[in-house]
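To start, the structure under review is shown below, and the notes come after it.
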Amino acid sequence: MSQRERITPKMKSREVLDFLHSSPGYFLTNNERDVSQSDFKGRIMPHTTLKVAPYRDESGYFAFEISGGASVHVDLLRKQINPFEKLRLIRKAMPNTLLQAVCRGRNLFGYRPYPDNVIRQAVRLFSRYVDVWRVYDFLNHIPNLKVVAEEVQKAGKILMPSICFSTGRGHTDEFYLGKVEEILSTVGEDVILGIKNHSAVGSPARIASLVRALRDSFPGLLLSYHGHNTDGNDLSRMIAAVTEGVKIVEVADHGYGGMFSQAPALSLIQSLHDYGIKSPCLKVHPLVEASDILRRERRLYERFETPYRGFDPTVKRHKLTGGAASMAFEQAEKLGLLERVHEVFDDLSKVNIELGNIWSVTPGSQILWTTAVNNVLHGRYEKPSDDLKRLLLGRYGPFPFYDPQEWIYEKVLEYQRTDGKKWYQILDDEAGIQQLAEENFDAKRQQLERELKRSATEEELCLYVQFPRDALEYFRFEEQFGKTWLLPPDVWFKRGGFEDGTRITLPDYDGKTHYIDLVSTRRSGDVAHTSLLVDYHFQTYSTALRTKKLQP
Amino acid sequence: MFKKILIANRGEIAIRIMRSAQELGIKTVAVYEETDKTAMHIMRADEAFCIGSGPRKDYLNIERIINAAKATGAEAIHPGYGFLAENPNFSKRCTEAGLAFIGPPPEVISAMGSKVIARGIMTDANIPVIAGTPVLPGGDAGKEAALQFAERNGFPIMIKAVAGGGGRGIRAVKDLNELIRGLELARSEARMAFGNDEIYLEKGLPSPRHVEVQILADEYGNVIHLGTRNCSIQRRHQKMVEIAPASLPGLIQEQICQTATEAAKAAHYVNAGTVEFLLDAEERYYFLEVNTRIQVEHTISEMITGIDIVREQIRIASGKALSFSQRDIHFRGYAIEIRINAEDPKTNFMASPGVIQIYQSPGGHGIRLDGAVYQGYEIPRYYDSMLVKLTVYGFTWKEVVDRLRRALDGFGIAGVKTTIPFYKQIVNDPDFIEQRFDTSYIETHPHLLEYQENVPEMEKLASLVAEINALGHNPYAESP
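These protein sequence lines are chains A and B, in that order.
Under this note's numbering, the first residue of the first sequence carries the number 1, and numbering increases by one thereafter.
Under this note's numbering, the first residue of the second sequence carries the number 553, and numbering increases by one thereafter.
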């Protein structure tokens, strides 16, 4: 194999798998999606991603994870970009790198199970751009992976079914080997098996043990490792994983220097170099250049970095997934709980154990975190969420190790019941995974087109059935303001208004440069008049100061 | 030659006339109403004269305009089109005041202005006219004459105002009921519009083409033509797209031009004029009317011949003979002219007055703009809504269509709605591209109105920047 060769999106998935099998050493996946979600409240803007794209593309990553997880919803809600358009832009800017998405199995990119036809449509449409699908179920209930897996394979894309990893009671090698066996018998062996260490738990020795066990039991199986650096120890875990035979590990750019997200790529490369292990396709120079740019860009996102900086070895107890950390802090801040967050973490440690020592990853991590927050605010299990009820009812799947204690069932399931049913009756009558009715796409389309007063694309319908309210608001926003991802982050996140004379330079969709110059701002009553030179043409816009939401 | 002329008009045609005059070394005087004081034609003139508070009435006030000419020392008046251009009294009063009128003599304007007299002159000169009636008497006699005409010629029938013209004062009827009801309505409309309620009938041709011939005539009996124009694409009898030449079979082209010069001679025509015809499906043509003024669409004839018609008008009015003969006129290529108006096609072309916030225009080979607006100009609601007249030239039909498309894409106008998106639809329509159009084109192509209006992307983004600035945060990205 020539040193110049690399994996590209032009290769069929079989070719990619063969390439991985036949290549010595290891491969890296850059997980900006998770860096953004874990350390920057999901706010890294496409503008930054596109700025650094040529360097990352040249770096020779196995894949670049930029979609899935919470990002699809955050794209619509906070970044105001169509998640499909984002993928199109990145595909154009990174033509040589596989694009990866993480998918929550039956919960897709959301927090509750979706009907099969919604899942199939989403996977089919996203597969136009997504080459690698990292799929997991937060209860490791393997049947929950089946529909997504079928569609990924139908689309000819690379399937990366993943076992969620954690530690403590029940989390033995034997347990995980059984899960992998179940995965392979469900989806076949032409896959990359992912180890998803979302909570950054387990020592390097524990990871090495698991990888060894997997390699012994499934010698031909390609393995990947996704971890977080919450405790500052993921570099060691990755070294252990690679030395034991993991082929792909997920990293961050050192320019981001994430804490709750992945460990830096270059640190790993330098370390493994001394172990005599190399990555056949990596180029260090563009990787360094990318981080040089990101260091400068990072300042634009300072406001979104987590309020608690530094590593957190106590994650071993509370197990809050890295991906939920920054948003959990944001929620705590909004609830005025930031000063009492240690109490929440203490409760979270208890909740983990009380609720079956399951995996603290979306949507489970949200359920566990919200339960802990509610426990601190309202008393233990005094105000359970609907999602906690669903968890106890087994809507997401069965508890894998042990069931919660009866008093928890009683408090949660009997909360606000008006029919007088006892928790055990409720379990008898209502528990278990529900078969959801298929979505009526025709009706949904008509509904959407009525709202938009125009025809809707299949991609728009796909987003609408997943996030009806937020997708609709986004479509209206897009109609009014256009492609706002073109605005630089320092404009998008600007606070306190612009100084007179500020010049905003930005490219249009076709790459041509435009200028918006702030001339003056005048306030009169509840209206502010902003005068701008738009490409040297004078314009004045009036804004009602009470307007905060997009008007339909 | 004159040393100074006054232009009794406004907007693009006033500026267009000034350009030719200034090239001839003639000083120009603009007139304006107080309500039009920011108009561009004032800026382009050598001097300007306010003729009253307006709106509209002073541009139509003959005496005020003649006084302005006298006061400024102008020797001649060019009426442009519209306003007083085809008012024989204006031409007459100019002459009486010792001012040259840059247009035909009053008696020609008067004769051609009466559609019935014009038809009579043409019939006497053996020029084919559509079957029609004399002026209809009022009351039952008029109804009886109309019924007899309908019995002889069938439907459709056009009820026309004798004093109408330029597509105004025309009503098409399909049956007897509409005819009887239409007679009174047409009389009433004619009275309101022209101060003359005389009407007559013409047989209607099914989906005819509208073809016209530009003519030039001097005081010495020389009459030449500058070829044909196809003005079939009309909305409610108002021309929207004009094309030169009309792409007629060679023999018909020759015959219709010859007929037009004969018609001009028969009418003792002097100066620039247009002889209009209707063509049926068998390429038979019929005299429609003579327009005794410079027309909006004269630019397309200029593009394919290289002749400056207004320059020639001024020369003729100053007593000079035509500066070329028919043999000197050569036709080359195609030209299309469209009127970019501040109108919203989607709301029945309702006028869209307002401030022009952005005005960017196309340029380059084969593109001519006759405009009267500028960035920051507030379009007054009192006058016509034309912003700019776009004329494009191409060596072939395909080239001219491609150039028109490119030119339309080159406009960037914000602040008011315009007819540009509608023209973009036309220029991409297969029937237009294949030259399959007649006077029913707009009616039979309603889908042309089904377009999405695109606010320029930068303008949309700028509106968000303004909102972020005004609110002190981005409400679509985070909470206050």
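Cβ coordinates follow ideal geometry from the N, Cα and C atoms, glycine included.
Computed from a predicted model, the values in this text were never measured in an experiment.
- When the five nearest sequence neighbours on each side are left out, the beta carbons in the same chain lying within less than 6 Å of the beta carbon of E438 of chain A are those of P115, N117, in order along the chain.
- When only Cα atoms are considered, E703 of chain B and D990 of chain B end up about 27 Å apart.
- According to DSSP, F27 of chain A shares a beta bridge with A:I248.
- Between the alpha carbons of F601 of chain B and T580 of chain B lies a distance of about 11 Å.
- In the three-state reduction of the DSSP assignment, P264 of chain A falls in the strand class, which pools E and B.
- Closer than 8 Å to the CB of T530 of chain A there is at least one CB belonging to chain B.
- Neighbours of N613 of chain B in chain A, taken as residues whose beta carbon is under 8 Å from its own, are absent, since the nearest beta carbon is some 36 Å off.
- Put simply, of B:N1021, B:K556, B:L831 the residue whose alpha carbon is nearest the alpha carbon of G756 of chain B is B:L831.
- In the DSSP annotation of this structure, the continuous segment of the beta strand (DSSP E) that includes P161 of chain A starts and ends at 158-164.
- For T484 of chain A, no alpha helix (DSSP H) run applies, since DSSP gives it neither H nor E.
- Residues of chain B with a Cβ closer than 7 Å to the Cβ of T48 of chain A do not exist; the shortest Cβ-Cβ separation is about 14 Å.
- In this structure, M792 of chain B places its C-beta atom within 8 Å of the C-beta atom of I890 of chain B.
- Going by DSSP, M855 of chain B is part of no beta strand (DSSP E) but of the alpha helix (DSSP H) stretching over 850-857.
- For the pair of segments examined, the segment 609-628 of chain B was found not to touch the segment 832-841 of chain B: the number of CB pairs separated by less than 8 Å stays below three.
- Contact with chain B is found for D508 of chain A, since one of that chain's Cβ atoms lies less than 8 Å from the residue's Cβ.
- Just so you know, the alpha carbons of V952 of chain B and P489 of chain A end up roughly 45 Å apart.
- The beta carbons of F635 of chain B and S643 of chain B sit about 13 Å from each other, so the pair does not count as a contact at 8 Å.
- Closest in alpha carbon position to V765 of chain B, among B:N774, B:G779, B:L753, is B:G779.
- Using a Cβ-Cβ cut-off of 8 Å, Q331 of chain A does not count as an interface residue toward chain B, since no Cβ of chain B sits closer than that to its own.
- Note on geometry: alpha-carbon atoms of A623 of chain B and Y929 of chain B lie some 29 Å from one another.
- Of the residues assessed, M595 of chain B falls on the exposed side of the cut-off, its CB having fewer than 16 other CB atoms within 10 angstroms.
- From the beta-carbon of F477 of chain A, the residues of chain B found nearer than 8 Å are Y1028.
- Distance from V968 of chain B to A1014 of chain B at the Cβ level is roughly 17 Å; contact not present, criterion being Cβ atoms closer than 8 Å.
- In this structure, L532 of chain A and D517 of chain A form a Cβ contact; the two beta carbons are roughly 6 Å apart against a cut-off of 8 Å.
- One alpha carbon belongs to F138 of chain A, the other to H171 of chain A, and they sit about 14 Å apart.
- Counted as a single uninterrupted DSSP element, the alpha helix (DSSP H) harbouring I808 of chain B occupies residues 802-818.
- Excluding residues up to 5 positions away in sequence, A924 lie with their Cβ nearer than 6 Å to the Cβ of G563 of chain B in the same chain.
- Within the segment 892-943 of chain B, the runs of beta strand (DSSP E) at least 3 residues long that lie entirely inside it are, in chain order, 910-912, 919-923.
- Closest option to L348 of chain A, judged by alpha-carbon separation, among A:I248, A:R380, A:F399: A:R380.
- Every unbroken stretch of the alpha helix (DSSP H) spanning 4 or more residues and falling wholly within the segment 346-425 of chain A is given here in chain order: 364-378, 386-392, 406-413.
- Assigned with DSSP and collapsed to three states, C646 of chain B falls in helix.
- The straight-line gap separating the alpha-carbon atoms of L1023 of chain B and T321 of chain A is approximately 35 Å.
- Measuring C-alpha to C-alpha distances from T857 of chain B to each of B:V842, B:I846, B:G871, B:F876 identifies B:F876 as the nearest.
- For V52 of chain A and Y424 of chain A, the gap between their C-alpha atoms comes out near 56 Å.
- S185 of chain A is classed as exposed because its beta carbon has fewer than 16 other beta carbons within 10 Å across all chains shown.
- For K791 of chain B, the uninterrupted beta strand (DSSP E) segment begins and ends at 790-796.
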